[in-house]
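Going down the list, the sequences are from chains Z, H and D.
Going by this note's numbering, the first residue of the first sequence is number 2, and it counts up by one from there.
Going by this note's numbering, the first residue of the second sequence is number 2, and it counts up by one from there.
Going by this note's numbering, the first residue of the third sequence is number 2, and it counts up by one from there.
Report on one structure; see the data block that follows.
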Amino acid sequence: MSKTTSGHFFEDFQIGQTIAHATPRTVTVGDVALYNGLFGNRFAVQSSDAFAEKIGYPRAPLDNLLVFHIVFGKTVPDISLNAVANLGYADCRFRKPVYPGDTLSATSEVIGLRQNASGKTGIVYVRSRGFNQDGAEVLTFARWVMVEKRDAASPAPAETLPDLPQAVDASAIGEACPILNTAAYSDVLAGSPHRYDDYAVGETIDHVDGITVEEAEHMIATRLYQNTARVHFNQYAQSKGRFGRRLIYGGHAISLARALSFNGLANAFHIAAINGGRHIAPLFAGATVFAWSQVLAKSTLPGREDVGALRLRTVATKDRPCADFPLKAGEGEGKGDDPAVILDLDYWALIPR
Amino acid sequence: MSKTTSGHFFEDFQIGQTIAHATPRTVTVGDVALYNGLFGNRFAVQSSDAFAEKIGYPRAPLDNLLVFHIVFGKTVPDISLNAVANLGYADCRFRKPVYPGDTLSATSEVIGLRQNASGKTGIVYVRSRGFNQDGAEVLTFARWVMVEKRDAASPAPAETLPDLPQAVDASAIGEACPILNTAAYSDVLAGSPHRYDDYAVGETIDHVDGITVEEAEHMIATRLYQNTARVHFNQYAQSKGRFGRRLIYGGHAISLARALSFNGLANAFHIAAINGGRHIAPLFAGATVFAWSQVLAKSTLPGREDVGALRLRTVATKDRPCADFPLKAGEGEGKGDDPAVILDLDYWALIPR
Amino acid sequence: MSKTTSGHFFEDFQIGQTIAHATPRTVTVGDVALYNGLFGNRFAVQSSDAFAEKIGYPRAPLDNLLVFHIVFGKTVPDISLNAVANLGYADCRFRKPVYPGDTLSATSEVIGLRQNASGKTGIVYVRSRGFNQDGAEVLTFARWVMVEKRDAASPAPAETLPDLPQAVDASAIGEACPILNTAAYSDVLAGSPHRYDDYAVGETIDHVDGITVEEAEHMIATRLYQNTARVHFNQYAQSKGRFGRRLIYGGHAISLARALSFNGLANAFHIAAINGGRHIAPLFAGATVFAWSQVLAKSTLPGREDVGALRLRTVATKDRPCADFPLKAGEGEGKGDDPAVILDLDYWALIPR
């Protein structure tokens, strides 16, 4: 039996199977500092214990995306090491705040299987969950990946497709955000006077700034998450591949876009759910990432007067400022994506009312 | 009303106005580790809790320059986002030690205004202050920047110029350094036998070593300080600009020079005040930074037998060793700066007697 | 007397002399996070407080190699600043676990001296020791370096050669690993079902993955250890040297190889001793590091049922995958090293039985 992990193939997955992923991870203020150094986050709640305590947290919580990346990273060796493509994710909900000192672990349950027509690959749908040291679920999300079969001749499993929502319902979000004393929430310290009522559905915001990415940065980030996907780290192998370059982890673009979005969304401090997202084009070191956002919808939360939710689409580009909100390659139906667009993310963010 | 910050223009500043800056920030051992990884600091007091406790600190304090950078960073979006030039700073005094777990916030008061002859720009003088979570002032400094006017036709304000000292008086420094038990201060562990009495006014010290700067490093550092000045991060925009390159934050050169100065000033562990400084030439990634120092003055501190102060000029260069103490382009009055010099910093450092 | 350190020359070393090294260092979760970001470690014991507590540690200990690098770094200014070559090390034993919050300091004792035939250089053997804040020895190792003489005419000292073991005896290892409750050790969370009995002497394991190294990364790591060896940081000086490049600290290759070795040795969580190692070829930024390991020997530990020891040879290469276990340039005696091999490390790792 080989001592090294070669990952799972399509035949290895069965409906209902639950995989406990390796390497539990205690998150610390060290992780927070490094994450801040890599992305330059400025949301006050995650930046300041004093600010967080004033509004009702025991201390500053971890940035939800840092939690997402760490939990996602754990799933890679078991779920997507042999992935031909990461096809999508849905129904991502943050369920409990995570604080420095907490230990995260993760499991994935197989919730869908569909062999492709070629017989050489199949699509695996999993529900991944992150837990803290008390066994409480802090995060849940579904994702689906195209995985190679070990043997094209092996029989196809019964096709099962999970029922996943187009968007998380607003009634299901906010669990990871305690009831806040928003009167104690200082707009001045948070960096913006704009609260829930100031945003209109349809409104677009150019986040103005751009950040150039270096090889060292995305590799440090992705290793911090213990994400082992080979395409990010191995220039020797990548030099022989399709792009000739190391491919930057898609989550890096998400974190960059989120950090840039502070300029325009400074009070939308908490990502409560991710409805879905597309990584439209690969990102490589040397490129400068820009972003813009649109308010897709707004919702109050059942029984809560403290915060409301903005459903946001945040679009990131490379080497292209976003003053004109680039998205499609042209007007009208059937036009493809603007070639500068790398990410189209749909999520719910909480903002004080 | 735009959701994004476009910064303030000259007309937006009024004498006496106080601006509370966004994003309070809890500093942690994570920030300390990253700062150490970026600069390689070796001053024992900031490196070791055990060493610091022995001489009278409750634990190792943060490097004062890290505190400076974080407080400075907070002022950028409000003060210098539209700055044409950072002209100078003065009367920078560290007033209280900062420890991991403290939360820093900042304000700036407008203390001077002068419209330039062109009518298109003006000079704004501010007094910026950093506070901890208890509201105690940990740092104060004045700086002045040239800012664009929104409208050249708007009237000039009454000219007000602040009264700033050429150098901080020695009687006003040392507040951030508790009375130390210097008998317990180990020269061996600190790395040098040279204390206050061993330094002579006029003495010059070549710090010997050089450190090459990478793009990833200065961007990680500057983001760690939540400094958002665009010239440091956005290669897409900079490629169209005057230098074609990302410009490294001036404070990065200060921190590099300070770290290099350990070799020759190992016991001058505490920067108590910065009298002023000039960023003489821009620094770009790929350059190697060297430094040398001169003792400009010495002073005991009123009522203190534990430490004395060295007034130091530390000069940093790029791609030029400092064995011959480069400063001017030639001998005599009126000669310009040596083209390799990037920084000329004047400050008070405390050293055990 | 010069204020700057120029390091020691061969004449400065005397048998029995003990040097206390500068800059004690409190290690923190910040150091752990940065180390993880740089190397991507996944060993569960060091990654998770919860996992470590379950098996008998008070919390997750620091990675032993991080401890080694920090202690080693302290010795550089006194021992190897004028080293012509780092010749070898031996009898490295980890003696106590190190936890975040501990403060490390180091001493070196001169245990051997031999002037070279040329009369211009000599070999200095030292026993270096790392201590925690309570004065307990956490690490000990011998190393020998070739050092320049200040004056070729100075007389040779009496030749003294230390008695160093080819390999640490298995009875002398494991002190830094408490007795573990291995029943509570989860193979699933640790990432591998393979324990002590599953490894056979002679077995070889290709660790599959590769990691490309960037300049920023090795410099951040080496500064984190406060290692001041000039060849790693100063491109200006190195550009005039033999390689024209910054030379990566040999310990960086060790840490990369160790992190890669998780894939195949996930349960060999604790490096207990380093028997020796050769840095066969220099490593430069841009290269991709691969690794493979061979089990050289196995041993139970006296009086311990919880863990056994694997004596491992881990070989690292640059820009060369290790599926065929590269080592020698050809078959047979007298063949040199494979030109892709950069490191050949011999160590004991503990693994649950």
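Beta carbons are placed, not taken as given, at the ideal position from N, Cα and C, and that holds for glycine.
| Item | Value |
| --- | --- |
| Alpha-carbon spacing of N1 of chain H relative to H70 of chain H, whole angstroms | Residue 1 of chain H lies beyond the residue range present for chain H, which begins at 2 and ends at 354; the question has no answer from this structure. |
| Chain D contact for P98 of chain H (CB, 9 Å cutoff) | no |
| Residues that T289 of chain H contacts on chain D, provided the C-beta gap is smaller than 7 Å | N235, Q236, Y237 |
| Cβ pair count under 8 Å reaching 3, the stretch 54-65 of chain Z against the stretch 95-114 of chain Z | yes |
| Proximal residues, the stretch 210-221 of chain H versus chain Z, C-beta separation under 9 Å | E215, E216, A217, E218, M220, I221 |
| Segment contact flag, the stretch 7-20 of chain Z with the stretch 31-46 of chain Z, C-beta cutoff 8 Å, min 3 pairs | no |
| Euclidean distance between Cα positions of E138 of chain Z and A51 of chain D | 16 Å |
| Residues that G38 of chain D contacts on chain Z, provided the C-beta gap is smaller than 8 Å | L35, I221, A222, R224, L225 |
| 6 Å Cβ shell around N87 of chain D - same chain, five flanking residues per side excluded | V146 |
| In DSSP terms, what N83 of chain Z is bridged to | DSSP lists no partner for N83 of chain Z. |
| Q236 of chain Z, enclosing alpha helix (DSSP H) - first and last residue | 236-239 |
| Close beta carbons around T183 of chain Z, own chain, < 6 Å, minus the five adjacent residues each side | D307, P353 |
| Beta carbon of I206 of chain Z nearer than 9 Å to that of Q134 of chain Z | no |
| Y100 of chain D: CB within 8 Å of a non-hydrogen atom of the ligand SAH | This structure simply doesn't include the ligand SAH, nor any ligand for that matter. |
| Selection of the stretch 116-133 of chain D by Cβ proximity to chain H, strictly under 7 Å | none |
| Rounded straight-line distance, which links the Cα of E176 of chain D to that of I340 of chain D | For the record, residue 340 of chain D in the displayed sequence is Pro; it is not Ile. One C-alpha to the other measures close to 37 Å. |
| DSSP state of P78 of chain H mapped onto helix, strand, coil | helix |
| Contact with chain D by L266 of chain H, beta-carbon distance below 9 Å | yes |
| Assigned secondary structure, G41 of chain H (DSSP; H/G/I helix, E/B strand, else coil) | coil |
| Same chain only: Cβ atoms within 7 Å of P166 of chain H, ignoring 5 sequence neighbours per side | A91, D92 |
| Residue burial classification, E332 of chain D (beta-carbon count within 10 angstroms, cutoff 16) | exposed |
| Cα-Cα separation, F40 of chain D to V290 of chain D | 11 Å |
| Residues that DSSP places opposite D338 of chain D in a beta bridge | D:K329 |
| Three or more C-beta pairs below 8 Å linking the stretch 252-262 of chain H and the stretch 315-332 of chain H | yes |
| Interfacial residues, the stretch 51-62 of chain H to chain D, with Cβ spacing under 7 Å | A51, F52, A61 |
| Range covered by the alpha helix (DSSP H) that runs through G251 of chain H | 251-261 |
| Host beta strand (DSSP E) of D103 of chain Z (start-end) | From DSSP, D103 of chain Z is part of no beta strand (DSSP E); its letter is neither H nor E. |
| Where the alpha helix (DSSP H) containing H53 of chain H begins and where it ends | For the record, residue 53 of chain H in the displayed sequence is Ala; it is not His. Element bounds for A53 of chain H: 50-56. |
| Cβ neighbours of E218 of chain H in the same chain (closer than 7 Å, five flanking residues each side left out) | L39 |
| Residue-level contact to chain A via CB, R26 of chain Z, 9 Å cutoff | Among the protein chains of the structure shown, namely Z, H and D, there is no chain A. |
| Residues from the stretch 197-208 of chain D in contact with chain Z, defined by Cβ distance under 9 Å | D199, Y200, E204, I206, D207, H208 |
| CB of G211 of chain H within 9 Å of CB of Y237 of chain D, strictly | yes |
| C-beta contact flag for R96 of chain D and L140 of chain D at 9 Å | yes |
| Closer than 9 Å to chain Z by CB, R231 of chain H | yes |
| Residues sharing a beta bridge with C93 of chain D, DSSP | D:I275 |
| C-beta neighbour in chain D for D339 of chain H, strict 9 Å | no |
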